[in-house]
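Counting in numbering that gives the first Met the number 0, the sequence shown runs without a single skipped number right up to 265 at its last residue.
The beta carbon of each residue, even a glycine, is placed where N, CA and C say it ideally should be.
Note that the structure is a prediction, hence the values are computed from the model and not measured.
To start, the structure under review is shown below, and the notes come after it.
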Amino acid sequence: MNPSLNPSFALRRVLEYFSRHVAFDRHLPARFDSLRLRVSPGASLIYYRGLRRPNFDDLYDFAEHHVQPGQTVWDVGGNMGVFSFAAAARAGLSGRILCLEPDHWSVRLLRRSCRYNLNRAAPVDVLSVAVSDEPGLAWLNIPERGRAATHLAIAGGAGEDMTGTVRECHLTPTVSLDWLARHYATPHVIKIDVDGAERRVLEGGRELLAKHHPVILTEVYERNADAVSRFLHELGYTLYDYTRGEAGKRRIDRAVYNTLALPPAP
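Now the structure itself:
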């Protein structure tokens, strides 16, 4: 059956279209000081359900168990800032968060959330760039369905079956993790959600990762799993399936969609 003929699919498409122009306030769970975020279901319809749903459990577990007070955290692919602000609550006023997001639409909402939480948690610096393997310029694809799946054209994204065709495409500056490390505080923790560009992001941070070994949580597309696994193993990282969060994590040799990479013991 053609999906477009399915009534529930058609209703979802209508809801996704009108949600592009909707934004509202939501609060993180109490364990993250109930920080207030400005979010939009135009990024993903899950934001209609609030921020206490299971959709974010892996991010909440990662922030709670791996971000410590006073630390610096980099959020590569910040989207609506759920992880950035959960990490900010954990890091506290002495910490520092760098949120990297190339979509200007998302950036406007992120900066509203920054104003909401001024002096309540670690400062969140929002930088409107994409992260890749080298500094430069790249085409950024905005998908028809759900801007959370915005991706670099060279990375391929999730594919039309998941996000529809490309709604718009524009140039964005790109930076590498190694370049950032020369201009910003060195991270203790990095989260990566870049819809297929994770291999490029990691390769662009080889020097940083080899020298400082931050804890990493990264989404890994199947097409990148072998390359990402080799890269992280070469740098001494141990990999874990983090699909079920901290309590359910299990050691793996090959990266999966939610991969936790822990550095070698000092």
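DSSP state of residue i mapped onto helix, strand, coil
i	result
K248	coil
A260	strand
E218	strand
Y16	helix
D102	coil
L234	coil
R95	strand
For residue i, the nearest candidate out of the options (CA to CA)
i	options	result
L44	D32, H65, Y16 and L259	Y16
Y47	P213, N118, I215 and H26	H26
S105	I141, L170 and V72	I141
V38	R107, A246, E167 and V72	R107
G80	E167, K190 and L14	K190
E265	E63, L259 and H212	According to the sequence provided, residue 265 is Pro. The question's Glu does not apply to it. It is H212.
S33	P68, P263 and R119	R119
S93	G69, A62 and R51	G69
H20	I96, V72, A86 and P40	P40
A22	F61, G49, D132 and V66	G49
N257	D132, H64 and E221	E221
H169	K248, I153, Y183 and I251	I153
R35	G156, V188 and R110	R110
A87	G156, F31, R166 and F55	F31
R166	P134, L139, P186 and Y183	L139
Contact under 8 Å by Cβ, residue i with residue j
i	j	result
A137	T164	no
A90	A42	no
L234	L261	no
L58	F82	yes
V188	H64	no
At 4 residues or longer, what runs of the alpha helix (DSSP H) sit wholly inside the region 20-91? 56-65 and 81-90
Using a Cβ distance threshold of 8 Å, determine whether the region 171-179 contacts the region 123-136, with at least three qualifying pairs required. yes
On the three-pair Cβ rule with 8 Å, is the region 101-118 touching the region 225-234? no
Stretch-stretch touch, CB-based, cutoff 8 Å, three pairs: the region 70-80 with the region 93-104: yes
Alpha helix (DSSP H) runs wholly inside the region 116-194, at least 4 long, in chain order: 159-162 and 176-180
Any 3 or more C-beta pairs closer than 8 Å across the region 146-160 and the region 192-200: yes
Stretch-stretch touch, CB-based, cutoff 8 Å, three pairs: the region 238-253 with the region 198-206: no
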